Amino acid sequence: MATVDLPTALPAARPSRVRGWLRHVELGVPLALLALVFGACFLWPLVASVPEPVGGDVLESNLPAFSPGHLLGTDPNGNDVWSRLLHGGRSSLIVGVAVNVLGLLAGGTLGAVSAYLGGAVDAVIMRVLDVLIAFPSLVLTLAVAQSLGPSQVNTILALAFFSVPAFARISRAATLRLREQPFMVAAHLSGTRVWRMLFRHLAPNIAPQLVTFSMLGMGIVIVIEGALSFLGLGIPPPAPSWGNMISQGQASLSATPMLVVWPSLALFVTVLAFNLLGETLRGRWSGR
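For the numbering used here, count along the sequence shown from 1 and bump the result up by 1165.
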């Protein structure tokens, strides 16, 4: 009868426990950061007393942090910095989510239809997308934002339009790999309609790749939105966004540097969390 050497068996099991713990940490940390950011921006103003982000009293301008009624102080216009940080984060997050949702739906559908139908349809769709990719997207985004005018809706439309080609290419590549799989061939031979093939069989299988890419793209979109707002082409003042808060704070950077530090820190933490989450999801789903 075989015997088990417990002193040597226990250390062998320890690395697997450590790896399992690390896997939970690498997913839990970005999720916790995002829950903190989303909760603060969307829920905190609803459950706590937060001053209005605009229309402050000029007599209370440039108050330091932890002043009575102003957790992070006030800006040169007397507006509460904490309130503007939360409402600005809400605007930036709405832009990031909306752009990626629109890009995922439009680009994912175009890529899947292009790959599944093939032939002339595939050639036309991909050549049009190649033309869009050939132009510098940031320059075109600036041009479109300038022509449409600064607003949240125009910023979303401009960024979403140029995110479609990337989602379409990922969707097309995934669909080409799945098109010849036995379950797809069987569904096709059974007479399943095209729309049913796309939404019931293809969509669930290509969704992980698209969602992973959208998590990575979320951080990029938020940074670009911040850059547009910084240049005055995104969300127009006095409505706050992290980008225009940084832009307005640079005018008094030497005297009140925290007006730039707070939105920059919020932007950094949010983008980092999205990137960590995207990398974690990509590593897990690619290993399935």
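Virtual Cβ for every residue (Gly too), placed ideally from N, Cα, C. Just so we're clear, the structure is a prediction, and the values are computed from it rather than from any experiment.
Three-state secondary structure assigned by DSSP to residue i
i: residue 1445; result: helix
i: residue 1279; result: helix
i: residue 1357; result: coil
i: residue 1421; result: coil
i: residue 1174; result: With a pLDDT of 49 at residue 1174, under the threshold of 50, the modelled position of that residue is not reliable, and no figure is offered here.
i: residue 1336; result: helix
i: residue 1166; result: Reliability fails at residue 1166, whose pLDDT of 47 lies under 50, so the model's placement of it is uncertain and the value that follows must be treated cautiously. Reduced to three states, the DSSP call for residue 1166 is coil.
i: residue 1226; result: coil
i: residue 1242; result: coil
i: residue 1323; result: helix
i: residue 1314; result: coil
i: residue 1214; result: coil
i: residue 1439; result: helix
Opposing strand residues paired with residue i [DSSP bridges]
i: residue 1248; result: In DSSP, residue 1248 forms no bridge with anything.
i: residue 1235; result: 1232
Cβ pair residue i, residue j closer than 8 Å
i: residue 1218; j: residue 1240; result: no
i: residue 1299; j: residue 1310; result: no
i: residue 1380; j: residue 1437; result: no
i: residue 1419; j: residue 1408; result: no
i: residue 1277; j: residue 1335; result: no
i: residue 1250; j: residue 1427; result: yes
i: residue 1199; j: residue 1442; result: yes
i: residue 1202; j: residue 1434; result: yes
i: residue 1321; j: residue 1230; result: no
i: residue 1343; j: residue 1367; result: yes
i: residue 1454; j: residue 1307; result: Because the chain here runs from 1166 to 1453, residue 1454 falls outside it and cannot be looked at.
i: residue 1253; j: residue 1405; result: yes
Among the options, the one whose alpha carbon lies nearest that of residue i
i: residue 1386; options: 1363, 1427 and 1303; result: 1303
i: residue 1415; options: 1366, 1396 and 1263; result: 1396
i: residue 1389; options: 1297, 1229 and 1325; result: 1325
i: residue 1327; options: 1296, 1404, 1235 and 1193; result: 1296
i: residue 1315; options: 1216, 1200, 1417 and 1392; result: 1392
i: residue 1234; options: 1213, 1252 and 1254; result: 1213
i: residue 1293; options: 1375, 1197, 1330 and 1359; result: 1330
i: residue 1222; options: 1231, 1243, 1209 and 1192; result: 1243
i: residue 1365; options: 1332, 1340 and 1383; result: 1340
i: residue 1256; options: 1317, 1270, 1279 and 1209; result: 1317
Any alpha helix (DSSP H) of 4 or more consecutive residues that is wholly inside the stretch 1340-1419: 1347-1354, 1368-1395 and 1407-1414
Alpha helix (DSSP H) segments (min. 4 residues) lying fully within the stretch 1260-1307: 1284-1299
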